[in-house]
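Below you'll find the structure, written out as structure tokens, and then a few comments.
Protein chains: 2
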Amino acid sequence: MKSIDALACLGALAQEHRLNLFRLLVQAGDEGMAVGELAQATGLAGATLTNHLNILRRAGMVSDERRGRVIQCRASYLQMNELLGFLTDNCCAGSVSASGCVPATLCQPVRSKP
Amino acid sequence: MKSIDALACLGALAQEHRLNLFRLLVQAGDEGMAVGELAQATGLAGATLTNHLNILRRAGMVSDERRGRVIQCRASYLQMNELLGFLTDNCCAGSVSASGCVPATLCQPVRSKP
DNA sequence: TTCATGTTTCTAGAATCATCGAAACATAAG
DNA sequence: CTTATGTTTCGATGATTCTAGAAACATGAA
């Protein structure tokens, strides 16, 4: 992940309602939540909600899929992992510092045993 | 870390110059960098730099210490780890999802072998 | 087709943020 | 003391972001 993409992700999460929305979607798991459900859960006006969702979408943190009239949103674990990877790549700067920091193991796809 | 603190950290990092400043400090390691060095490295005007540093300071991402006339800044690995912990706590929602996500092991203080 | 529902785009106003010159403050040296 | 250096605060300006009503768009049902 490039710095500019990380910036978009950080910016997307750095807002009360959007962080809230993202966490709702994370908790909702793979099934995700419809835009209408998100509206109900947050109490946000439609236009405001769409605006925030668009920012999360552009950052790649949320994907969605139309199901008839309903649009189902999902959190993108993949992008979240990319972001965490970016942050920890640059955290520690690869070396173990005296103040205590070792390279991170991040959320990884579940693999079958090697 | 509470949601409001994570929001402050994310907001602090979600800006081009501040992300840049933070990464410079991370790379500088425990010694850190003086405000003047940061000014030289980034080309930012004094008042602008102080403003950005204050936002990073308030979020707890940067700490500093006066050495005579010079103020030496350091990245706070501790707070960075808190933030990553918050994000991964809520990422995955504790369960292993079909789209692949297991709880993260984050930057941790280096311990002697148990 | 017409109607109802779910979502988005348009638009504009309010609030917040970024920038930086000038002045002020803190410390060290002469 | 005075002067020089490093940093912060003040204050104003321009840019960006947040918000939401109204209108438009997309789909499904009758």
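Residue numbers (this note's numbering), protein chains in the order written: chain A, 1 to 114; chain B, 115 to 228. Cβ atoms here follow ideal geometry from the backbone N, Cα and C, with glycine treated the same way. Note that this is a predicted model, so its numbers are computed, not measured.
(message) If you reduce the DSSP assignment to three classes, tell me which class A159/B lands in.
(response) coil
(request) Could you work out which residue in G160/B, E179/B, G157/B and A161/B is closest to M147/B when comparing CA atoms only? (result) E179/B
(message) Short of 8 Å in beta carbon distance, which residues of its chain neighbour K113/A, apart from the five on each side in sequence? Order them along the chain.
(response) The predicted position of K113/A is uncertain, since its pLDDT is 35 and thus under 50; no value can be drawn from it.
(request) Report yes if the CB atom of A173/B is closer than 8 Å to the CB atom of A126/B, and no otherwise. (result) yes
(request) Output, in chain order, the set of chain A residues within a Cβ distance shorter than 8 Å of A155/B. (result) What A155/B touches in chain A: nothing, since even the nearest Cβ is about 15 Å away.
(message) With a threshold of 8 Å between beta-carbons, can E130/B be considered close to chain A, or not?
(response) yes
(request) Starting from the N-terminal side, write out each stretch of the beta strand (DSSP E) that is 3 residues or longer and does not extend beyond the region 19 to 79 of chain A. (result) 62 to 67 and 70 to 75
(message) Helix, strand or coil, according to DSSP, for A128/B in the structure here?
(response) coil
(request) Find out if the Cβ-Cβ distance for the pair G46/A, V70/A is shorter than 8 Å. (result) no
(message) Taking 8 Å as the limit between beta carbons, can you name the residues of its chain near L87/A, skipping five residues before and five after?
(response) A6
(request) Just the chain B side, please: which residues come within less than 9 Å of S3/A by C-beta, in chain order? (result) E130, L133, N134 and R137
(request) Kindly indicate which three-state DSSP category R111/A falls into: helix, strand or coil? (result) Low per-residue confidence applies at R111/A: pLDDT is 37, beneath 50, and the placement is therefore not dependable, though the value from the model is reported in the following sentence. The answer is coil: DSSP assigns R111/A none of H, G, I, E or B.
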